[in-house]
Amino acid sequence: MAAPRNLTVDPGVGRLLKDEENAKEDDSPTGKKPKFEKFPLTKWEVAAALSVFLIFSTGLFCIYLTMPAAAYGKLKLPRTISDLRMLKDHLMTYAQDYPAQFILGYCSTYIFMQTFMIPGTIFMSLLAGALFGVFRGLLLVVFNATAGASSCFFLSKLIGRPLVSWLWPEKLRFFQAEIAKRRERLLNYMLFLRVTPTLPNLFINLASPIVDIPFHIFLSATFLGLIPASYITVRAGLALGDLKSIKDLYDFKTLTVLFLIGSLIIFPTLLKKKRIYE
Numbered sequence: 001m002a003a004p005r006n007l008t009v010d011p012g013v014g015r016l017l018k019d020e021e022n023a024k025e026d027d028s029p030t031g032k033k034p035k036f037e038k039f040p041l042t043k044w045e046v047a048a049a050l051s052v053f054l055i056f057s058t059g060l061f062c063i064y065l066t067m068p069a070a071a072y073g074k075l076k077l078p079r080t081i082s083d084l085r086m087l088k089d090h091l092m093t094y095a096q097d098y099p100a101q102f103i104l105g106y107c108s109t110y111i112f113m114q115t116f117m118i119p120g121t122i123f124m125s126l127l128a129g130a131l132f133g134v135f136r137g138l139l140l141v142v143f144n145a146t147a148g149a150s151s152c153f154f155l156s157k158l159i160g161r162p163l164v165s166w167l168w169p170e171k172l173r174f175f176q177a178e179i180a181k182r183r184e185r186l187l188n189y190m191l192f193l194r195v196t197p198t199l200p201n202l203f204i205n206l207a208s209p210i211v212d213i214p215f216h217i218f219l220s221a222t223f224l225g226l227i228p229a230s231y232i233t234v235r236a237g238l239a240l241g242d243l244k245s246i247k248d249l250y251d252f253k254t255l256t257v258l259f260l261i262g263s264l265i266i267f268p269t270l271l272k273k274k275r276i277y278e
């Protein structure tokens with residue numbers, strides 16, 4: 001009886017068979033991998049974020065407790081223009097009788113919302129205009145928006161890199177490339193981004209520490225660049241009774257004012273570009 005011959009498989013054929021098996025596994029419903037395999041934050045990063053949130057929430061709650069008991073039932077974050085009108089009517093007397101407590105509560109709420117990216121700060125800006133007028137309301141809104149954005153900046157510096165890379169990978173790469181090209185005129189470019197809707201302010205707050213934008217440049221660009229949009233919302237708060245929706249904010253007159261203020265702020269960037277091309 002003849003002895004069986006040893007069977008050998010050509011290495012190239014073996015690799016081909018293996019690739020076909022892998023392809024079949026990838027094509028199967030169970031073999032497909034989700035776009036995001038897992039939540040990007042580690043347990044320690046989640047714990048750090050929750051700790052910061054708890055500290056802010058505790059401080060806000062303590063401030064809330066200093067308010068008169070009669071005001072508790074009617075205080076809530078507005079979600080519509082009608083909600084904002086009712087809140088404004090309720091707070092008008094309170095802001096006059098307890099100005100220090102109201103300012104403290106208003107600023108704390110605004111900064112809390114801005115830090116943790118809670119929608120509704122535009123209603124807070126409208127409320128500032130309705131209660132304090134254009135000049136004082138604008139100062140209040142710009143201060144709070146800048147403080148909240150700065151707080152969000154440092155929160156992102158703590159845990160933001162994996163989260164932003166997970167949510168906006170392409171936008172982050174674009175932003176990083178643009179920052180790398182404009183390191184010498186970074187303040188002017190950041191002013192341009194704040195004045196124009198090129199990138200959302202939320203993304204700028206979160207991505208700035210990730211692409212190594214110095215805080216002093218971030219702070220200066222935020223303070224100056226938020227003035228035009230803040231002016232529009234604060235000014236609209238004076239005519240809150242005539243406002244039907246947020247879309248009504250941007251009429252021709254307010255857009256003209258925004259263009260003029262934005263042109264003044266962005267002028268240094270345009271001037272430097274002109275010198276480069278000459």
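Residue numbering for the sequence shown follows full-length UniProt numbering, starting at 1 and increasing by one per position.
C-beta atoms are modelled at their ideal positions from N, C-alpha and C, and glycine is treated no differently.
**Request:** Evaluate contact between the stretch 204 to 213 and the stretch 145 to 157, counting only Cβ atoms and requiring at least three cross-stretch pairs below 8 Å.
**Result:** Contact check between the stretch 204 to 213 and the stretch 145 to 157: three or more CB pairs, one atom from each, fall below 8 Å, which counts as touching.
**Request:** Taking the CB atoms as reference points, tell me whether L87 and L127 lie closer together than 8 Å.
**Result:** Taking the first residue of the sequence shown as position 1, residue 87 is located at position 87. Taking the first residue of the sequence shown as position 1, residue 127 is located at position 127. Yes. Within cutoff.
**Asked** Closest by CA to G133, which one among L264, P197, I232, K253?
**Response** Translated into positions along the sequence shown, residue 133 becomes position 133. In terms of CA proximity to G133, I232 leads the group L264, P197, I232, K253.
**Message:** Whole angstroms are fine: how far does the CA of I204 sit from the CA of L172?
**Reply:** Mapped onto the sequence shown, residue 172 falls at position 172. Mapped onto the sequence shown, residue 204 falls at position 204. Rounded to whole angstroms, L172 to I204 spans 10 Å at the Cα level.
**Message:** I want to know whether the stretch 101 to 113 touches the stretch 129 to 148 - three or more CB-CB distances under 8 Å.
**Reply:** Inter-segment contact for the stretch 101 to 113 and the stretch 129 to 148 is present: three or more beta-carbon pairs are separated by less than 8 Å.
**Asked** With contact counted as at least three CB pairs below 8 Å, one residue from each stretch, are the stretch 190 to 201 and the stretch 223 to 230 in contact?
**Response** Contact between the stretch 190 to 201 and the stretch 223 to 230 is present, because at least three Cβ pairs lie under 8 Å.
**Message:** Quick check on S125: buried or exposed, where buried means 16 or more other Cβ atoms within 10 Å of its Cβ?
**Reply:** Position 125 of the sequence shown holds residue 125. Flag for S125 reads buried.
**Prompt:** At what residue ranges does the stretch 83 to 149 contain a whole run of the alpha helix (DSSP H), taking only runs of 4 or more?
**Reply:** Listed in chain order, the alpha helix (DSSP H) runs fully inside the stretch 83 to 149 are 99 to 115, counting runs of at least 4 residues.
**Message:** Could you compute how far the alpha carbon of N144 sits from the alpha carbon of K181?
**Reply:** On the sequence shown, residue 144 is found 144 positions in, with the first residue counted as 1. On the sequence shown, residue 181 is found 181 positions in, with the first residue counted as 1. C-alpha separation (whole angstroms): 31 Å.
**Message:** Below 8 Å on the Cβ atoms is my contact criterion, and I expect G237 with A130 to pass it. Report the Cβ-Cβ distance as a whole number of Å.
**Reply:** Counted from its first residue, the sequence shown places residue 237 at position 237. Counted from its first residue, the sequence shown places residue 130 at position 130. The Cβ separation is near 4 Å, so the contact holds.
**Cβ-Cβ distance between F135 and P78 below 8 Å** = Counted from its first residue, the sequence shown places residue 135 at position 135. Counted from its first residue, the sequence shown places residue 78 at position 78. Cβ atoms of F135 and P78: not closer than 8 Å.
**Prompt:** Hey, how far is the Cα of E178 from the Cα of A229?
**Reply:** Residue 178 sits at position 178 when you count from the first residue of the sequence shown. Residue 229 sits at position 229 when you count from the first residue of the sequence shown. Looking at the backbone, the Cα of E178 and that of A229 are separated by about 24 Å.
**Request:** Tell me where the alpha helix (DSSP H) around L187 begins and ends.
**Result:** As a position in the sequence shown, residue 187 is number 187, starting the count at 1. DSSP places L187 in the uninterrupted alpha helix (DSSP H) bounded by 186 to 195.
**Asked** Is the Cβ-Cβ distance between I217 and L264 less than 8 Å?
**Response** Here residue 217 refers to the residue found at position 217 when the sequence shown is read from its first residue. Here residue 264 refers to the residue found at position 264 when the sequence shown is read from its first residue. In this structure, I217 lies away from L264, with their beta-carbon atoms at least 8 Å apart.
**Item:** Closest by C-alpha distance to L243, when choosing among F53, Y64, I81, L65
**Value:** Translated into positions along the sequence shown, residue 243 becomes position 243. The shortest Cα separation from L243 among F53, Y64, I81, L65 belongs to I81.
**Message:** Determine whether the beta carbon atoms of C62 and T115 lie at a separation below 8 Å.
**Reply:** Locating residue 62 in the sequence shown gives position 62, counting from the first residue. Locating residue 115 in the sequence shown gives position 115, counting from the first residue. Result no, Cβ atoms of C62 and T115 do not sit closer than 8 Å.
**Asked** L260: buried (16+ other C-beta within 10 angstroms of its C-beta) or exposed?
**Response** Numbered from its first residue, the sequence shown carries residue 260 at position 260. Taking every protein chain shown into account, the CB of L260 has fewer than 16 other CB atoms within 10 angstroms, so this residue is exposed.
**Message:** Considering Cα atoms alone, identify which of F252, V234, Y189 is closest to L140.
**Reply:** By one-based count along the sequence shown, residue 140 stands at place 140. Checked all of F252, V234, Y189; the closest Cα to L140 is V234.
**Asked** Hey, out of E184, I213, F175, whose CA is closest to P200's CA?
**Response** By one-based count along the sequence shown, residue 200 stands at place 200. Ranking the options by Cα distance to P200, first place goes to F175.
**Prompt:** Contact check, W166 vs P40 under 8 Å by CB: the rounded distance?
**Reply:** What you label residue 166 is simply residue 166 of the sequence shown in a count that begins at 1. What you label residue 40 is simply residue 40 of the sequence shown in a count that begins at 1. At roughly 4 Å, the Cβ-Cβ gap stays under 8 Å, so W166 and P40 are in contact.
**Item:** Option in S220, V164, L163 with minimal Cα separation from residue 279
**Value:** Residue coverage of the chain in this structure runs from 1 to 278, which leaves residue 279 outside it and unanswerable.
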